[in-house]
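Peer 1: Residue numbers (numbering that gives the first Met the number 0), protein chains in the order written: chain S, 0 to 689; chain P, 0 to 323. Glycine is no exception: its CB is placed at the ideal position from the N, C-alpha and C atoms. Values in this document were obtained by computation on a predicted structure and should not be read as measured data.
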Amino acid sequence: MAISAATAQEAESTDTTGSSRFGWLRAFRRPMTLTGVVIVGVFCVLAIIGPWIAPYDPSGVSKATLQPPSPEHWLGTTQTGQDILSQMLYGTQVSMLVGVLAAVVATLLSVVVGLAAGYLGGVSDEILSLLANVFLVIPALPLTVILAAYLPKTGSFGIILVISITGWAWGARVLRAQTLSLRKRDFVEAARATGERTTSIIFRDIFPNQVAVIAASFLGTVTGAILTQASLAFLGLTNVTEWSWGTILYWAQVSSALLTNSWWWFVPAGAAIALLGTGLSLVNFGIDEFINPRLRQAGIGTKKAQRAQAKAARAKAPRRRRSEARSSQGRTRTSDVILQINDLEVDYVGEGSITKAVNGVSLTLRRGEVLGIAGESGSGKSTLAHAITRLHKPPAQISAGELLYQRDDGTTIDILAMDEDELRRFRWEELAIVFQSAMHALNPILRIGTQIDDAIKAHRPAMSAGERAARVLELLDLVGIQTDRVDAYPHELSGGMRQRAMIAVGLALDPEIIVMDEPTTALDVVIQRQVVEKIIELKDRLGFSVIFITHDLSLLIEMSDTIAVMYAGRVVELADAKEFYRNPRHPYSGGLLGSFPTLSGPKRELEGIPGAPPDLRRLPSGCAFNPRCPLAFDRCTAVVPPLFALAGEAEWQQAQAACLLYEGDGSAPDRVPSDEGAPREDHRLVEEAR
Amino acid sequence: MRVLLRRGFFYLVTAWAAISLNFLLPRIMPGDPADALIEKFHGKLTPAAVKALRVLFGQSHASLWQQYVDYWHNVFTGNFGISYAYYPTSVSDVLGQSIGWTLVLISVCTVLGFLIGTGLGMIVGWKRGSWLDSLIPITTLLSSIPYFWFAICVVLLFAIVLHWFPLSGGYSVTETIGLNWGFISSATYYAVLPALTIVVASIGGWLIGMRNMMVTTLSEDYVKLAEAKGLPKRRIMFTYAARNAMLPSFSSFAMSLGFVVGGSIVTEVVFNYPGIGTVLFKAAQAQDYPLMQGIFLVITVTVLVANMLADLAYVFLDPRTREG
Numbered sequence: 000m001a002i003s004a005a006t007a008q009e010a011e012s013t014d015t016t017g018s019s020r021f022g023w024l025r026a027f028r029r030p031m032t033l034t035g036v037v038i039v040g041v042f043c044v045l046a047i048i049g050p051w052i053a054p055y056d057p058s059g060v061s062k063a064t065l066q067p068p069s070p071e072h073w074l075g076t077t078q079t080g081q082d083i084l085s086q087m088l089y090g091t092q093v094s095m096l097v098g099v100l101a102a103v104v105a106t107l108l109s110v111v112v113g114l115a116a117g118y119l120g121g122v123s124d125e126i127l128s129l130l131a132n133v134f135l136v137i138p139a140l141p142l143t144v145i146l147a148a149y150l151p152k153t154g155s156f157g158i159i160l161v162i163s164i165t166g167w168a169w170g171a172r173v174l175r176a177q178t179l180s181l182r183k184r185d186f187v188e189a190a191r192a193t194g195e196r197t198t199s200i201i202f203r204d205i206f207p208n209q210v211a212v213i214a215a216s217f218l219g220t221v222t223g224a225i226l227t228q229a230s231l232a233f234l235g236l237t238n239v240t241e242w243s244w245g246t247i248l249y250w251a252q253v254s255s256a257l258l259t260n261s262w263w264w265f266v267p268a269g270a271a272i273a274l275l276g277t278g279l280s281l282v283n284f285g286i287d288e289f290i291n292p293r294l295r296q297a298g299i300g301t302k303k304a305q306r307a308q309a310k311a312a313r314a315k316a317p318r319r320r321r322s323e324a325r326s327s328q329g330r331t332r333t334s335d336v337i338l339q340i341n342d343l344e345v346d347y348v349g350e351g352s353i354t355k356a357v358n359g360v361s362l363t364l365r366r367g368e369v370l371g372i373a374g375e376s377g378s379g380k381s382t383l384a385h386a387i388t389r390l391h392k393p394p395a396q397i398s399a400g401e402l403l404y405q406r407d408d409g410t411t412i413d414i415l416a417m418d419e420d421e422l423r424r425f426r427w428e429e430l431a432i433v434f435q436s437a438m439h440a441l442n443p444i445l446r447i448g449t450q451i452d453d454a455i456k457a458h459r460p461a462m463s464a465g466e467r468a469a470r471v472l473e474l475l476d477l478v479g480i481q482t483d484r485v486d487a488y489p490h491e492l493s494g495g496m497r498q499r500a501m502i503a504v505g506l507a508l509d510p511e512i513i514v515m516d517e518p519t520t521a522l523d524v525v526i527q528r529q530v531v532e533k534i535i536e537l538k539d540r541l542g543f544s545v546i547f548i549t550h551d552l553s554l555l556i557e558m559s560d561t562i563a564v565m566y567a568g569r570v571v572e573l574a575d576a577k578e579f580y581r582n583p584r585h586p587y588s589g590g591l592l593g594s595f596p597t598l599s600g601p602k603r604e605l606e607g608i609p610g611a612p613p614d615l616r617r618l619p620s621g622c623a624f625n626p627r628c629p630l631a632f633d634r635c636t637a638v639v640p641p642l643f644a645l646a647g648e649a650e651w652q653q654a655q656a657a658c659l660l661y662e663g664d665g666s667a668p669d670r671v672p673s674d675e676g677a678p679r680e681d682h683r684l685v686e687e688a689r
Numbered sequence: 000m001r002v003l004l005r006r007g008f009f010y011l012v013t014a015w016a017a018i019s020l021n022f023l024l025p026r027i028m029p030g031d032p033a034d035a036l037i038e039k040f041h042g043k044l045t046p047a048a049v050k051a052l053r054v055l056f057g058q059s060h061a062s063l064w065q066q067y068v069d070y071w072h073n074v075f076t077g078n079f080g081i082s083y084a085y086y087p088t089s090v091s092d093v094l095g096q097s098i099g100w101t102l103v104l105i106s107v108c109t110v111l112g113f114l115i116g117t118g119l120g121m122i123v124g125w126k127r128g129s130w131l132d133s134l135i136p137i138t139t140l141l142s143s144i145p146y147f148w149f150a151i152c153v154v155l156l157f158a159i160v161l162h163w164f165p166l167s168g169g170y171s172v173t174e175t176i177g178l179n180w181g182f183i184s185s186a187t188y189y190a191v192l193p194a195l196t197i198v199v200a201s202i203g204g205w206l207i208g209m210r211n212m213m214v215t216t217l218s219e220d221y222v223k224l225a226e227a228k229g230l231p232k233r234r235i236m237f238t239y240a241a242r243n244a245m246l247p248s249f250s251s252f253a254m255s256l257g258f259v260v261g262g263s264i265v266t267e268v269v270f271n272y273p274g275i276g277t278v279l280f281k282a283a284q285a286q287d288y289p290l291m292q293g294i295f296l297v298i299t300v301t302v303l304v305a306n307m308l309a310d311l312a313y314v315f316l317d318p319r320t321r322e323g
């Protein structure tokens, strides 16, 4: 039971979704789980048929005393000549029966208490939780021993009762926490709103979602009950004439089997308990991994995880040099490129399937530029952010492309070719990242100051503690946090403050580029505004470049120099922010722009984009946007459009759009029509042009 | 502070519940243990001893409430009556002689088991996906082995076959108990095998729990950020992952400790160790109810105190619990 202690703690915070109610059956496919199932299965069969296949009467004495294992007595004999194999076979039945029945009773108790406490809440919850916690803290075995002693020489029934009384509390606690979290879920709320009866909600909506947790708790209790029964029997507190694994050990101990060196007397019973316990735990691992999918991922400490990251990229043939890379990108306004992304591809490698989350993305970031990347969820924008910093984890893997970083002195380095050490030095020194949720990205149990100091200490080993402390205060001041909050913990700061602290962490080493992955999404509009203004102010003052990723296009237009719109892993439009706002070229950009209010600028009617973002595993043929596109025509389902260069004003970036409307001279329709009638017309226009 | 007060209150309630349970059990269980004992020791008991028995196990003439009050009076004065297994020693004396052995053995083993198990769990979790994963089935097997059976195997191997360590007992009979070098070294020598049993058998549980929490913690954003910041691996592993991953171990300490205590008690029996487990075994054999009750109380109170210490450590490690 102790095995699942911390695991179950974790289970309290996770939950299973309504759609995968019986998905946990899949857990049985893993070899480890399967082994467990087989072990438990064999014991179950033995428990049922044991007494029939036993070669001797387990209590029958004979003259063959203390015989080691032999063809007549496979497991040897006892001091009085009893056959140990027969005792084991009878014992399996009793031990398993006690284990399973005690676990059934204990699990029933914990389900009733857990569901009731979690669902009813209020005073009943307080009382039931207190009761469970009290039973958890009172050491179970001494209590069991005393209970068993008051029922002297009881048979299995009394023992089952005693074990269930002491064994229900843990399951009840886990189930209560689960019920609490499920109760707040939409489908339960909905059932309550429609006036369903409480009992029916509990049994129809809540209970099925907890099958996995209940099963895990049941199996754990079986192990515990078998162990407890064995202990009690070993101490002579059960009926010692009834054969169970514990009773065999009791007689072995009482008859000093050790001193006569008759190992065969006590080895089989203990081995059986250990084996069955292992089998049950293995099954439980499978269930744990189902409940908590994160347990299946590879750890970051492994070389494998580090290597898998950019395997394909490093295995590639000689890399293109900087000049070639530049020319392939087309016209660029200035030569002060700092980051060049060429044909980057990021795959999610599943079991036998590969999903392209980022598909041939090429982008250019210049010094002092704010490059905004927009897109719906699932467009690959966050995957791109993680790939740029090489922070992606398996199953994500960069399969192709280049990430070229240009240093101050003009030399170019390929980020994908860096080894772990180079990468460690490069990251943060040159390229920092600010995560979406500061709540999760700051370690809750370390002070803000320490978390900034850590970064400095790792990269500037020569700096003294005093210098670092001064720098930490300077950084806090820079982002607008009072310097006396340096010793605060993340939970002591407001949401906006935490995000500022995150930015301070990012700025710690004065990086050249900061990648911001939805840094303001979790904040309310007013705070969002303050944080964005702070970022712009700092950018102007410190001169770093920003890659800003968000789904909030209006925010992006305001703060970016260049905007890239992503759809289904590809960049579908790339343009100057102002030009983009005035004249979005890609039909998707038009729709996206139409679905957000702007903070400033003329009012316009909000429209949504019909349909939903595509499933990356089953992309439509041709242009991925074609099923949702009001302007789609036949060829759109046949050809994946590349980025076409477009005419128009450009300060930072010549506009490009990946849409067949612009095939040819790139000047075709200069405005994506947003009114109802237009699409048909346009459609025809393009068709004629062809 | 408020968290500590709340926990303190909880432990008071638990202690009250456990002691009251102890009072109630003999009164609701079938049969009359007091009668059985008086019968057994026919004529040998002094009137005072009979009275003490009645207070513990129920008097026919006093009201239940009066019995309850008397019972509490006895608990606070440490008067648990006379032990019958060790007649005529009083229960308090028997407890006094044995508690020290168990306390030292279990606390040292719990700390060792926790440190080794959690440390190994940290490494296995950190290197999840490597060959270290193959340790999991092995530790599962280890933690499924009943403590007492493992103890028997250890005795067979190290005491009977190899003669490295003594078979049973707590110290060599030639030494006198006290703070002298001879006794301490002898006691340590005798404690090696029981300690080995308890530590090895308890490592598995800590290891697997910690490993799972470690793996979960490693996918947190703050660990990713720590990695991005370029912190040394060691710093990420200890300060950003392990320290956070350890927290649930503390909050589920109660259950794990109960498990270790239960296992240790039976282990003592195998080694005939002069601690409270062996005494409990003898008490159960002799149906010495006063002694069993006393042992249950002492173990419960000790476990409660240990849990309070774990709670203190938790508050020390997690700043979030420090405010209201």
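Could you tell me the boundaries of the alpha helix (DSSP H) in which S/Ser-94 lies?
Peer 2: 83 to 119
Peer 1: Return the chain-ordered list of same chain residues with a C-beta closer than 7 Å to the C-beta of P/Phe-280, the five sequence neighbours on each side being excluded.
Peer 2: Val-268
Peer 1: Find the residues of chain S that neighbour P/Ile-183, judging by a C-beta separation of less than 8 Å, and give them in chain order.
Peer 2: Under the 8 Å cutoff, chain S gives no residues; its nearest Cβ is about 28 Å from P/Ile-183.
Peer 1: Should P/Lys-223 go down as buried or exposed, given a rule of 16 or more other Cβ atoms within 10 Å for buried?
Peer 2: buried
Peer 1: What in chain P is Cβ-close to S/Thr-222, meaning under 9 Å?
Peer 2: The answer, in chain order, is Ser-143.
Peer 1: Between S/Ala-457 and chain B, is there a C-beta pair that is closer than 8 Å?
Peer 2: Among the chains of the structure shown, chain B does not appear; the protein chains present are S and P.
Peer 1: Compare the C-beta of S/Thr-237 against all C-beta atoms of chain P and say whether one is closer than 8 Å.
Peer 2: no
Peer 1: Taking the continuous beta strand (DSSP E) assigned at S/Tyr-404, which residues delimit it?
Peer 2: 395 to 405
Peer 1: With respect to the alpha helix (DSSP H) encompassing S/Ala-574, which residues constitute its N-terminal and C-terminal limits?
Peer 2: Not the alpha helix (DSSP H): S/Ala-574 falls in the beta strand (DSSP E), residues 569 to 575.
Peer 1: Name, going along the chain, the residues of the region 414 to 428 of chain S whose beta-carbon falls closer than 9 Å to a beta-carbon of chain P.
Peer 2: Leu-422, Arg-423, Arg-424, Phe-425, Arg-426, Trp-427 and Glu-428
Peer 1: Excluding the five sequence neighbours on either side, which residues of its own chain have a C-beta within less than 8 Å of the C-beta of S/Val-530, listed in chain order?
Peer 2: Gly-495, Gln-498, Arg-499, Ile-502, Pro-518, Thr-519 and Leu-522
Peer 1: With burial defined as no fewer than 16 other Cβ atoms inside 10 Å of the residue's Cβ, what is the status of S/Val-360: buried or exposed?
Peer 2: So S/Val-360 counts as buried.
Peer 1: Note down the Cα distance separating S/Gly-157 from S/Gly-245, rounded to an integer number of angstroms.
Peer 2: Looking at the two C-alpha atoms, the distance is approximately 16 Å.
Peer 1: With distances taken from CA atoms, which of P/Phe-315, P/Leu-256 and P/Thr-88 is nearest P/Asn-243?
Peer 2: P/Phe-315
Peer 1: Rounded to the nearest angstrom, how far is the Cβ of S/Ser-352 from that of S/Pro-612, given a contact under 8 Å?
Peer 2: About 19 Å; that fails the 8 Å criterion.
Peer 1: Please name the residues in the region 82 to 102 of chain P whose beta-carbon is closer than 9 Å to at least one beta-carbon of chain S, in chain order.
Peer 2: none
Peer 1: Nearest-angstrom Cα distance between S/Ser-180 and S/Leu-107?
Peer 2: 20 Å
Peer 1: Any contact between the region 255 to 271 of chain S and the region 140 to 149 of chain P? By contact I mean 3 or more CB pairs, one from each, below 8 Å.
Peer 2: yes
Peer 1: Is P/Arg-6 helix, strand or coil when you go by DSSP?
Peer 2: Helix at P/Arg-6.
Peer 1: Does DSSP put S/Arg-332 in a helix, a strand or coil?
Peer 2: Annotation note: pLDDT 40 at S/Arg-332 (below 50); position unreliable, coordinate value reported separately. In this structure, S/Arg-332 counts as coil in the three-state DSSP scheme.
Peer 1: When you compare only the Cα positions, how much space is there between P/Ile-18 and S/Gly-505?
Peer 2: 56 Å
Peer 1: I'd like the span of the alpha helix (DSSP H) that includes S/Val-433, first residue to last.
Peer 2: Looking at the DSSP string, S/Val-433 is not in any alpha helix (DSSP H); the run it does join, the beta strand (DSSP E), is 430 to 433.
Peer 1: What are the start and end residues of the alpha helix (DSSP H) that includes P/Tyr-83?
Peer 2: Taken as a continuous stretch (DSSP letters only), P/Tyr-83 belongs to no alpha helix (DSSP H), as it is neither H nor E.
Peer 1: Is the distance from the Cβ of S/Lys-380 to the Cβ of S/Met-565 below 8 Å?
Peer 2: yes
Peer 1: Tell me where the alpha helix (DSSP H) around S/Leu-170 begins and ends.
Peer 2: Strictly speaking, residue 170 of chain S in this sequence is Gly, with Leu absent from that position. For S/Gly-170, the uninterrupted alpha helix (DSSP H) run begins and ends at 168 to 182, by DSSP.
Peer 1: Looking only at its own chain, which residues have a Cβ that is under 6 Å from the Cβ of S/Ala-487, when we skip the five neighbours before and after it?
Peer 2: Ile-447
Peer 1: Name the chain S residues whose beta carbon is nearer than 9 Å to that of P/Phe-9?
Peer 2: Leu-129, Asn-132, Val-133 and Val-136
Peer 1: Do S/Ser-559 and S/Gly-367 come within 8 Å of each other at the CB atom, strictly closer than that value?
Peer 2: no
Peer 1: For the region 126 to 138 of chain S against the region 253 to 260 of chain P, do three or more pairs of beta-carbon atoms, one drawn from each stretch, fall closer than 8 Å, so that the two count as touching?
Peer 2: yes
Peer 1: Using a 10 Å radius around the Cβ and a threshold of 16 neighbouring Cβ atoms, would you call P/Leu-11 buried or exposed?
Peer 2: exposed
Peer 1: Name the residue from S/Met-462, S/Val-144 and S/Val-471 whose alpha carbon lies nearest to the alpha carbon of S/Asp-452.
Peer 2: S/Val-471
Peer 1: When the distance is taken between beta carbons, is P/Val-93 closer than 8 Å to P/Val-297?
Peer 2: Their beta carbons are not under 8 Å apart, which means P/Val-297 does not touch P/Val-93 by this criterion.
Peer 1: Closest Cβ-Cβ distance between S/Ile-387 and chain P: below 8 Å?
Peer 2: Not one chain P Cβ lies under 8 Å of S/Ile-387.
Peer 1: Mind checking which residues open and close the alpha helix (DSSP H) that includes S/Gly-45?
Peer 2: Looking at the sequence itself, residue 45 of chain S is Leu, so the reference to Gly does not match. Unbroken alpha helix (DSSP H) run through S/Leu-45: 30 to 52.
Peer 1: Are there three or more Cβ pairs, one per stretch, closer than 8 Å when the region 198 to 210 of chain P is compared with the region 110 to 130 of chain P?
Peer 2: Contact between the region 198 to 210 of chain P and the region 110 to 130 of chain P is present: three or more C-beta pairs spanning the two stretches fall below 8 Å.
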